[in-house]
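So in full-length UniProt numbering, spot 9 of the sequence shown is number 9, and the numbers just go up one at a time. All C-beta atoms, glycine included, are put in the ideal place defined by N, C-alpha and C.
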Amino acid sequence: MKNKKIDYKFYIILTLAILIILITVFANYLAPYNPDYQNYEAISQAPNSTYLLGTDYVGRDILSRVLYGGRYSLLIALLVTLLVAFIGIVIGLISGYLGGVVDIVIMRIVDMIMSFPYIVFVIAVVTIFGGGLRNLILAMTLISWTNYARVTRAMVISLKNNDFINQAKLSGASNIRIMYKYLAPNVLPYLIVLTTQDIANNLLTLSSLSLLGIGVQPPIAEWGLMLSEGKKYIQTAPWILFFPGIAIFICVVVFNLLGDSLRDILDPKE
Numbered sequence: 001m002k003n004k005k006i007d008y009k010f011y012i013i014l015t016l017a018i019l020i021i022l023i024t025v026f027a028n029y030l031a032p033y034n035p036d037y038q039n040y041e042a043i044s045q046a047p048n049s050t051y052l053l054g055t056d057y058v059g060r061d062i063l064s065r066v067l068y069g070g071r072y073s074l075l076i077a078l079l080v081t082l083l084v085a086f087i088g089i090v091i092g093l094i095s096g097y098l099g100g101v102v103d104i105v106i107m108r109i110v111d112m113i114m115s116f117p118y119i120v121f122v123i124a125v126v127t128i129f130g131g132g133l134r135n136l137i138l139a140m141t142l143i144s145w146t147n148y149a150r151v152t153r154a155m156v157i158s159l160k161n162n163d164f165i166n167q168a169k170l171s172g173a174s175n176i177r178i179m180y181k182y183l184a185p186n187v188l189p190y191l192i193v194l195t196t197q198d199i200a201n202n203l204l205t206l207s208s209l210s211l212l213g214i215g216v217q218p219p220i221a222e223w224g225l226m227l228s229e230g231k232k233y234i235q236t237a238p239w240i241l242f243f244p245g246i247a248i249f250i251c252v253v254v255f256n257l258l259g260d261s262l263r264d265i266l267d268p269k270e
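This is how it looks when you write it as C-alpha cells:
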C-alpha cells in the first residue's frame with residue numbers, strides 16, 4: 001500500500017513538472033500579447049478581463065511576461081543543472097575510481113571551492129566578469145559541480161571493488177569503459193534526485209541575482225528581473241511582483257517535491 005501511495009504522489013508531481021515545462025516551451029502560443037509591447041494607455045492596470053494578471057508600469061501584459069519569463073528562469077536553471085551535473089559526475093567518476101594523487105588533488109579543489117558561500121561566490125564572479133546570461137551561467141557552473149563530484153566519488157568508492165568491476169578489469173576493459181559502462185549506470189539513478197532538487201536551487205539563485213540587478217538584464221522577461229523592476233510599485237501595483245513571485249514559488253515547490261518523491265522510490269528506507 002505504501003508503494004502505491006508513493007507512486008501516486010510521484011506521478012501527480014511529475015505531471016505538474018512536465019506541465020510547467022510545456023507551458024514554458026510553448027509560451028509564444030499561450031501568451032495573449034507580445035511580452036515587450038508597451039501600451040501606455042494601460043499602465044499599471046489591475047487584473048481585469050483584458051489583462052488577466054494586470055499590466056506593469058509601462059503597460060506590458062503581466063501574464064505574457066510571466067509565461068515568457070519561464071523560458072529564461074526555468075530553462076536556464078535546467079541548462080545550468082544539466083551542465084554542472086555532467087561536469088561533476090565525470091570528475092567524481094575519475095576521482096573515485098582512479099584514487100591516489102588524482103583523488104587528493106580533485107578533492108582539495110572541491111574543498112577549496114565549497115569553502116566559499118555559494119551566492120557570494122556567484123556574485124563575485126558576475127561582478128568581475130560582468131552581467132549577462134553567459135557570465136551568469138559560467139558563475140553558477142563554476143561552483144555547483146562540486147556537490148555532484150563529492151556524491152559521485154563516494155558512490156564510486158563503494159562500488160569499485162565489487163565483483164562486476166573486478167570481472168570487467170579481468171576481461172581487459174579500459175578505465176574509461178569501466179567508468180561509463182559499469183559505474184555511471186549505477187550512480188546516475190541516485191543522482192537524479194540531486195539533479196531535480198538542484199533545478200529549484202538554481203532557479204532561486206538566478207531569480208535572486210536578477211532581483212539584485214546582477215543577473216538577467218532588461219528588457220528580457222525573467223521572473224527575478226520582474227521582481228526587481230516591480231519592487232518600487234509594491235504599494236501601488238503589487239500584482240507586478242505577486243505573479244512572478246508565485247511562479248517562482250510553484251516551480252521551486254514542485255521540483256523539490258519531485259526530488260523527494262524520487263528519493264522515496266529509489267531508496268524507500270530513507
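If I measure Cβ to Cβ from residue i and keep anything under 8 angstroms in the same chain, skipping five residues before and after, which residues do I get?
i, result
"residue 20", "70, 74, 250, 251, 254"
"residue 262", "10, 192, 193, 196"
"residue 126", "135, 136, 139, 209, 214, 215"
"residue 184", "89, 93"
"residue 50", "42"
Just reading off the alpha helix (DSSP H) that residue i is part of, what are its end residues?
i, result
"residue 27", "27-30"
"residue 243", "239-266"
"residue 95", "62-98"
"residue 207", "184-212"
"residue 125", "118-129"
"residue 216", "That residue, residue 216, is in no alpha helix (DSSP H); it is neither H nor E in DSSP."
"residue 135", "133-159"
"residue 163", "163-170"
"residue 179", "Per DSSP, residue 179 belongs to no alpha helix (DSSP H) and is neither H nor E."
"residue 44", "Run containing residue 44: none; DSSP gives neither H nor E here."
"residue 228", "223-230"
Since residue i sits in a beta bridge, which residues does DSSP pair it with?
i, result
"residue 55", "61"
Who are the Cβ neighbours of residue i in its own chain at under 7 angstroms, not counting the five residues just before and after it?
i, result
"residue 266", "189, 190, 193"
"residue 186", "159"
"residue 110", "146, 149, 150"
"residue 114", "146"
"residue 157", "96"
"residue 30", "23, 67"
"residue 228", "210, 211, 213"
"residue 47", "53, 54, 239"
"residue 259", "193, 196, 197"
If contacts are defined as beta-carbon pairs under 8 angstroms, then residue i and residue j qualify, I think. What distance do you get, rounded to the angstrom?
i, j, result
"residue 199", "residue 27", "At roughly 18 angstroms, the Cβ-Cβ gap does not stay under 8 angstroms, so residue 199 and residue 27 are not in contact."
"residue 66", "residue 141", "At roughly 26 angstroms, the Cβ-Cβ gap does not stay under 8 angstroms, so residue 66 and residue 141 are not in contact."
"residue 143", "residue 121", "5 angstroms"
"residue 44", "residue 236", "7 angstroms"
"residue 180", "residue 168", "About 12 angstroms; that fails the 8 angstroms criterion."
Spatial neighbours of residue i within its chain, please: C-beta separation below 6 angstroms, excluding the five flanking residues on both sides.
i, result
"residue 103", "95"
"residue 116", "none"
"residue 230", "240, 241"
"residue 202", "77, 80, 81"
"residue 207", "223, 224, 248"
"residue 339", "In the structure as shown, the chain starts at 1 and stops at 270, and residue 339 therefore has no counterpart that could be examined."
"residue 279", "Because the chain is modelled from 1 through 270, residue 279 falls outside the range shown and cannot be assessed."
Is it true that the stretch 48-57 meets the stretch 85-94, where meeting means three or more beta-carbon pairs spaced less than 8 angstroms apart?
-> Because the criterion of three Cβ pairs below 8 angstroms is not met, the stretch 48-57 and the stretch 85-94 do not touch.
Is there contact here, the stretch 30-42 with the stretch 201-217, by at least three beta-carbon pairs under 8 angstroms?
-> The stretch 30-42 is not in contact with the stretch 201-217.
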